[in-house]
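Participant: Residue numbers (our numbering): 1170 to 2176.
1. Return the first residue and the last residue of the beta strand (DSSP E) that residue 1496 is part of.
2. I need the straight-line Cα distance from residue 1374 to residue 2034, nearest angstrom please.
3. Just list the residues that DSSP pairs residue 1689 with in beta bridges.
4. Rounded to whole angstroms, what is the Cα-Cα separation between residue 1568 and residue 1960?
5. Taking all protein chains shown into account, do 16 or more other C-beta atoms lie within 10 angstroms of the C-beta of residue 1178, making it buried, or fewer, making it exposed?
6. How many angstroms separate the CA atom of residue 1541 from the CA atom of residue 1434?
7. Smallest Cα separation from residue 1695: which of 1318, 1701 and 1671?
8. For residue 1896 and residue 2121, I'd like the C-alpha separation in whole angstroms.
9. Within the chosen definition, does the segment 1832-1839 reach the segment 2068-2078 through at least 3 CB pairs nearer than 8 Å?
10. May I ask you to report which of helix, strand or coil DSSP gives residue 1845?
11. Does the distance from the C-beta atom of residue 1863 to that of residue 2132 stay below 8 Å?
12. CB-CB under 6 Å to residue 1911, same chain, minus the five flanking residues each way: which ones, in chain order?
13. Assuming the contact rule is C-beta atoms closer than 8 Å, residue 1989 and residue 1963 should be a hit. Round their C-beta distance to whole Å, please.
14. If residue 1812 and residue 1385 are in contact, beta carbons under 8 Å, what's the gap, nearest whole angstrom?
15. Could you have a look at residue 2085 and say whether DSSP puts it in helix, strand or coil?
16. On the CB-based measure, 16 or more other CB atoms within 10 Å of its CB, does residue 2110 come out buried or exposed?
17. Just to confirm before moving on: does the CB-CB distance between residue 1484 and residue 1560 stay below 8 Å?
18. Between the segment 1562-1581 and the segment 1217-1237, are three or more C-beta pairs nearer than 8 Å?
19. I need the DSSP call for residue 1269, collapsed to helix, strand or coil.
20. Would you mind sorting residue 1444 into buried or exposed? The rule is 16 or more other CB atoms within 10 Å of its CB.
21. Would you list the one or two residues that DSSP bridges to residue 1425?
22. For residue 1246, does the count of other Cβ atoms within 10 angstroms reach 16, so buried, or fall short, so exposed?
23. Under a three-way DSSP split, which group does residue 1185 fall into?
24. Put residue 1884 into one of helix, strand or coil per three-state DSSP.
25. Pick out the complete alpha helix (DSSP H) segments inside the segment 1792-1869, 4 residues or longer, and give them in chain order.
26. Distance check for residue 1946 and residue 1389, CA to CA, integer angstroms please.
27. Buried or exposed for residue 1412, please, with buried defined as at least 16 other CB atoms from any protein chain shown within 10 angstroms of its CB.
28. Do the segment 1311-1330 and the segment 1583-1600 meet, that is, are 3 or more Cβ pairs less than 8 Å apart?
29. DSSP three-state label for residue 1705, please.
30. Going by Cα to Cα distance, which pick from 2046, 2170 and 1549 is closest to residue 1850?
31. Grouping DSSP H, G and I as helix and E and B as strand, with all else coil, what is residue 1459?
32. Name the DSSP bridge partner or partners of residue 1233?
33. Given this structure, state the Cα-to-Cα distance separating residue 2055 from residue 1845, to the nearest angstrom.
34. For the beta strand (DSSP E) holding residue 1636, just list the boundary residues, first then last.
35. Going along the chain, which residues of its own chain have a beta-carbon closer than 6 Å to the beta-carbon of residue 1396, five neighbours each way excluded?
36. Span of the beta strand (DSSP E) holding residue 1615?
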């Protein structure tokens, strides 16, 4: 490796003068003599990387007053410029970090107690004419709060960064980032662009206001805020003052950056971006490779962190089974993420986020690791220079080493991406910052050493821009030594024959040879003198230059990225099932020895001895074929279940679908093909539901049932009334309050419709003189309910509450679709039939809380016999796996026929969910959603052998056995890699985090 050779001073000055100190503070009072000397230097004989595509060898960089004047292939130094000879060194543009928190106030997150047992904060506590929600902080301007942090700046410079766009990471709408350079000057000179980008996230940050507490609430709030900003900006005469919305509208012309924590959140962010045509630049989570095709289809620019996961501690064989296959594979594959993004042609910048100031950063190490995993050097450099400069619209000033741009550059002792290369210096606006002091090459070589009575050969070389020393003794043995230069003073330490030598001295270069000499001690007691004379004939010295083998990704990406995932997505087939007992749920009833042909995702034929060019033929002899089970009430495959607003009708469960939920596979193993994914029961009016099919391996969008009817969750009883919370102040707190709450919501919706109708009837001139109605997503959802366009599924236990809600619906002219749980439905079955509401109940759960004390196991049978459309649901990740057993309990308790019992988990929930035109029975033309059982479907001895959705076999018992073996082999392979010395040194956790099981009452306080 080469180092700095010489510095010629054309000026007598030997200290670089910061441009900002000379010219940037003319308005500041002075308390000394002004220094107006020009900073002019020529860095010669360097390999200059002008931009990722242009490299000049033996070139010169001319800098004056913090600005690049030229980059030329010549060594003639202009008059008046100081020459810095960089023979053998490289110059690169300093890195740009688009996503940094440098110099911003620390965000303090308040303690978040459960709102079920505390006094709620419904309104914002922010003083002033700001937004109604504390998490909306678009008025925040980072430049106004920025403070130079010398320690953090030094750490970032050491990793190659010269410029960052910094934002305080607080809130859902976070305000503007400012572009700052990483010098040590004052804030006036370090801020070079006060408003560089507008920032957003799905994390409410320091807000103490209750709403939102969930990711779907955060999405709903952001969606409404964007609509509000559009509405507010369009008003000539503002109906009120909202400085936050005003700022958000003004910031629309800036680059729009959204923080996401993984590919799942990235897809959600992109939907918001497309809805409002914002062209979000999305800060990802480093796991984009897991859904690379979906990421590519977004056509969005990304900011990618390089915070690769540490290995797990795999020393305890009893704990290693608790490490998920997802975490094991991510540890192995994460370093390949940038290379895979490059391969797909996705535009991305790289970020040092998160860089904890309390620990040593490994950004540069991980950058080089990414290159070793396939990221091209050109793309790696562009992701840190030209790409962020372009995305931030600062490419006229930064990103390359060209005339007129800021003199932000780094000097390295070799090619940047070589693992042994060391960054020597980082120049910020022309000001020099030393990262690693460069050893003097004249010191290296072989010396004849005498120290007291000891004689030896002292070998000195440089390694990674540091001195590396060894001692060769006369008997042929070698001993390690430590050598450093303290200014001009050499310090040498070594141990021989259990004697420790500590030598200090000075250098003597007057004679023919370099001489090091001085005094020292042996074992800190005996005083000696020493002398080391450099030998004329130098030998090539190699000191431990072996590179450890770089780990390469071997495992495949699987869908979903977890146990039982497959490297290829499951596709529909043409399947002929022969000689099975077919439970049709139609007038034909149960058909013996019957064939069913599945083709193009549909049930194509039903009959005897069918023939077909099927890709797969399955012998159904002795087996039973049924429609796929449908769970009317589930909370799996979502990232959260409850929002906290009393009326959360604006939140959408489809916004937070999670295709990477093991509950999907377990449900498939129980013969379940679809489910109604509901909001929880924390609020009188909950969020909008999602109807999904359990297509294992698909992305969240692929789970959705196309053109499904829209539903919404309502809740009655103790949960929405906060009955267990004495401090609660949230309205409503009683059954009477619930009735008024619903009535008010529907009345406001009707008033909302009237307001829009009046406005729409005005001509263009009249509209210009009035305030346009505000688009209110909550009221629109309520209006859909009143107009019969969105259907209610109401969490309910007691008869009095259900009677109340039916009465409210009758007054507003619509019908409740479903009472879910409906544990006292048997008491009012006639009223339910008269109103037209269905019931979806538990089979035999009762007395698990006070309001369920009157539940009975005969409920489903009584409602069914009374003519109420009746289904049985799970509301449980565990129960969903054996809904066939739950249905069989109606046969046990109520003597319900087996066909009717099966319909309670197939055709009846399909009818309740308005899916019966395509699902719920085996009929020609319906969706090929069927289950092949080993025996009668309601028997505790029967198992689903194959669960088929739209002609694709998503669960297969034989494939399941194979996948179990494959999972274990993959786990074993990766755990062995984690057991290597290098991986063990970085190991942290021993077990993986486990996703909680959601039910109606679960509340996630993480947002």
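We treat Cβ as the ideally placed atom computed from N, Cα and C, and that holds for glycine.
Facilitator: Short version:
1. Numbered from 1 along the chain shown, position 327 holds the residue referred to as residue 1496. Looking at the DSSP string, residue 1496 is not in any beta strand (DSSP E); the run it does join, the alpha helix (DSSP H), is 1494-1502.
2. As a first step, residue 1374 must be located in the chain shown, where it is residue number 205. As a first step, residue 2034 must be located in the chain shown, where it is residue number 865. The straight-line gap from Cα to Cα measures roughly 52 Å.
3. Taking the chain shown and counting its residues from 1, the one referred to as residue 1689 is at position 520. According to DSSP, which records beta bridges pairwise, residue 1689 is partnered with 1672 and 1697.
4. The count along the chain shown starts at 1 and reaches residue 1568 at position 399. The count along the chain shown starts at 1 and reaches residue 1960 at position 791. Roughly 55 Å between the two C-alpha positions.
5. Numbered from its first residue, the chain shown carries residue 1178 at position 9. Low per-residue confidence applies at residue 1178: pLDDT is 30, beneath 50, and the placement is therefore not dependable enough to give any value.
6. Counted from its first residue, the chain shown places residue 1541 at position 372. Counted from its first residue, the chain shown places residue 1434 at position 265. Computed Cα separation, rounded: 28 Å.
7. Position 526 of the chain shown, counting from 1, holds the residue named residue 1695. Ranking the options by Cα distance to residue 1695, first place goes to 1671.
8. As a working mapping, residue 1896 is identified with position 727 in the chain shown. As a working mapping, residue 2121 is identified with position 952 in the chain shown. Rounded to whole angstroms, residue 1896 to residue 2121 spans 52 Å at the Cα level.
9. no
10. Here the question's residue 1845 lines up with position 676 in the chain shown. Strand.
11. Along the chain shown, one-based indexing puts residue 1863 at 694. Along the chain shown, one-based indexing puts residue 2132 at 963. No, the pair does not count as a contact, with Cβ atoms beyond the cut-off.
12. Sequence index remark: in the chain shown, residue 1911 carries index 742 (1-based). Same-chain partners within the cutoff: 1977.
13. The count along the chain shown starts at 1 and reaches residue 1989 at position 820. The count along the chain shown starts at 1 and reaches residue 1963 at position 794. At roughly 7 Å, the Cβ-Cβ gap stays under 8 Å, so residue 1989 and residue 1963 are in contact.
14. By 1-based counting over the chain shown, the position of residue 1812 is 643. By 1-based counting over the chain shown, the position of residue 1385 is 216. At roughly 6 Å, the Cβ-Cβ gap stays under 8 Å, so residue 1812 and residue 1385 are in contact.
15. Locating residue 2085 in the chain shown gives position 916, where the first residue counts as 1. The answer is coil: DSSP assigns residue 2085 none of H, G, I, E or B.
16. Start at 1 with the first residue of the chain shown, and residue 2110 comes out as number 941. Per the 10 Å Cβ criterion, exposed.
17. For the purposes of this step, residue 1484 is taken as the residue at position 315 of the chain shown. For the purposes of this step, residue 1560 is taken as the residue at position 391 of the chain shown. Result no, Cβ atoms of residue 1484 and residue 1560 do not sit closer than 8 Å.
18. yes
19. As a first step, residue 1269 is located in the chain shown; it is residue number 100 there, counting from the start. Here residue 1269 sits in strand by DSSP.
20. The sequence position of residue 1444 within the chain shown is 275, counting from 1. The residue in question, residue 1444, is exposed, as its Cβ has fewer than 16 Cβ neighbours within 10 Å.
21. Your numbering for residue 1425 matches position 256 in the chain shown. Residue 1425 pairs with 1367.
22. Sequence index remark: in the chain shown, residue 1246 carries index 77 (1-based). Under this definition residue 1246 is a buried residue.
23. Residue 1185 sits at position 16 when you count from the first residue of the chain shown. Annotation note: pLDDT 30 at residue 1185 (below 50); position unreliable, no value reported.
24. For this step, residue 1884 is matched to residue 715 along the chain shown. Reduced to three states, the DSSP call for residue 1884 is strand.
25. 1831-1838
26. The residue given as residue 1389 occupies position 220 in the chain shown. The residue given as residue 1946 occupies position 777 in the chain shown. Whole-angstrom Cα-Cα distance: 9 Å.
27. By 1-based counting over the chain shown, the position of residue 1412 is 243. Looking at its Cβ environment, which holds fewer than 16 other Cβ atoms inside 10 Å, residue 1412 is exposed.
28. yes
29. In the chain shown, residue 1705 corresponds to position 536, counting from 1. Note: residue 1705 maps to coil in three-state DSSP.
30. Position 681 of the chain shown, counted from the start, is the residue given in the question as residue 1850. Per the Cα distances, 2170.
31. Walking along the chain shown from the start, residue 1459 turns up at place 290. In the structure shown, residue 1459 sits in a helix (DSSP, three-state: H, G or I).
32. One-based indexing of the chain shown puts residue 1233 at position 64. For residue 1233, which the question treats as bridged, DSSP gives the partners 1209 and 1236.
33. To locate residue 2055, count along the chain shown from 1; it is residue 886. To locate residue 1845, count along the chain shown from 1; it is residue 676. Going from the Cα of residue 2055 to the Cα of residue 1845 covers about 17 Å.
34. Here residue 1636 refers to the residue found at position 467 when the chain shown is read from its first residue. Residue 1636 -> beta strand (DSSP E) spans 1635-1641.
35. Along the chain shown, read from residue 1 onward, the residue named residue 1396 stands at position 227. Excluding sequence neighbours, residue 1396 sits near 1944.
36. For the purposes of this step, residue 1615 is identified with residue 446 of the chain shown, where counting begins at 1. That run of the beta strand (DSSP E) goes 1614-1620.
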